[in-house]
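Participant:
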Amino acid sequence: MSLSTRVIAALGAVVVIGAGTVGGSIAYASGKDAPKDERLATVVVGRSSVSSEPLCYNGGKALSKDDVNKCQQNGKAAADAGKLTSIDATVGDKIGVGVDPDTAKKGWFSFTDAGQQGQTPLSSTRKNSTFSGLLPAAGLLSTTGDKTTVTVVEADETNGDIIAAWFFTVKNTEFVAQAAPAQ
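Using my numbering, you'd call the opening residue of the sequence shown number 1 and step up by one each time.
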């Protein structure tokens with residue numbers, strides 16, 4: 001069986017392109033630092049998402065009660081100053097929260113600062129699950145303002161220790177549009 005020169009040329013091109021891709025990938029990867037042990041939380045709104053490192057984290061060790069109190073104060077101050085990672089939402093959107101696998105192993109939960117009791121659960125305590133699922137934004141967003149804070153907490157389910165906390169701002173774009181003066 002003989003191969004035509006076109007088939008041989010095509011095979012040669014595939015080998016050259018493949019070798020170039022592998023070589024380029026190795027060169028690119030060798031210039032990168034080793035992966036870090038990062039704790040990330042992600043807020044998903046519809047098809048958009050934002051991720052952030054924890055505002056409060058002590059290298060995987062439990063936060064003291066004083067550290068937890070400071071963390072809450074720092075989260076509120078950052079929210080008031082507009083310094084939290086933020087994402088836009090409308091009441092028709094669905095919102096979810098995700099965490100990295102290491103956080104999921106310990107256990108985590110999330111909530112918003114909206115609702116009748118001042119907090120609305122976005123996820124109950126979860127272990128070995130990296131995503132909360134999607135919930136209607138209408139029940140999670142503030143009805144009195146254009147911003148809602150989402151808090152994600154890594155907590156060791158065996159002893160209740162708080163390991164890390166993330167804070168995000170979800171901006172209700174419909175509230176902003178209603179509050180804006182007509183032109």
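For each residue, glycine too, the CB sits at the ideal point set by N, CA and C. Quick caveat: nothing in here was measured; it's all calculated off a predicted structure.
Between K127, L122, A79, which lies nearest to D100 when the distance is taken from Cα to Cα?
Facilitator: Start at 1 with the first residue of the sequence shown, and residue 100 comes out as number 100. It is K127 whose Cα lies nearest to the Cα of D100.
Participant: Could you tell me how far apart the beta carbons of L140 and T112 are, in whole angstroms, since I believe they sit closer than 8 Å?
Facilitator: Walking along the sequence shown from the start, residue 140 turns up at place 140. Walking along the sequence shown from the start, residue 112 turns up at place 112. Indeed they touch by this definition, with Cβ atoms about 5 Å apart.
Participant: Report the three-state DSSP secondary structure of N159 (helix, strand or coil).
Facilitator: Here the question's residue 159 lines up with position 159 in the sequence shown. Three-state result, N159: coil.
Participant: When we look at the beta-carbon of E53 and count the other beta-carbons within 10 Å, is it buried (16 or more) or exposed?
Facilitator: Locating residue 53 in the sequence shown gives position 53, counting from the first residue. E53 is exposed by the Cβ-count criterion.
Participant: To the nearest angstrom, how far is it from the Cα of V91 to the Cα of T103?
Facilitator: One-based indexing of the sequence shown puts residue 91 at position 91. One-based indexing of the sequence shown puts residue 103 at position 103. Taking the straight line joining both Cα atoms gives about 29 Å.
Participant: For the alpha helix (DSSP H) containing V99, list its first residue and its last residue.
Facilitator: In the sequence shown, residue 99 corresponds to position 99, counting from 1. Run containing V99: none in the alpha helix (DSSP H); it sits in the beta strand (DSSP E), 94-99.
Participant: Tell me the rounded alpha-carbon separation between N74 and S123.
Facilitator: Against the sequence shown, residue 74 aligns to sequence position 74. Against the sequence shown, residue 123 aligns to sequence position 123. Approximately 22 Å between the Cα atoms of the pair.
Participant: Return yes when the Cβ of I95 is within less than 8 Å of the Cβ of V170, no when it is not.
Facilitator: Mapped onto the sequence shown, residue 170 falls at position 170. Mapped onto the sequence shown, residue 95 falls at position 95. For V170 and I95, yes; Cβs fall inside 8 Å.
Participant: Can you tell me whether DSSP reads V44 as helix, strand or coil?
Facilitator: Working through the sequence shown from its first residue, we reach residue 44 at position 44. V44 falls in the strand class under three-state DSSP.
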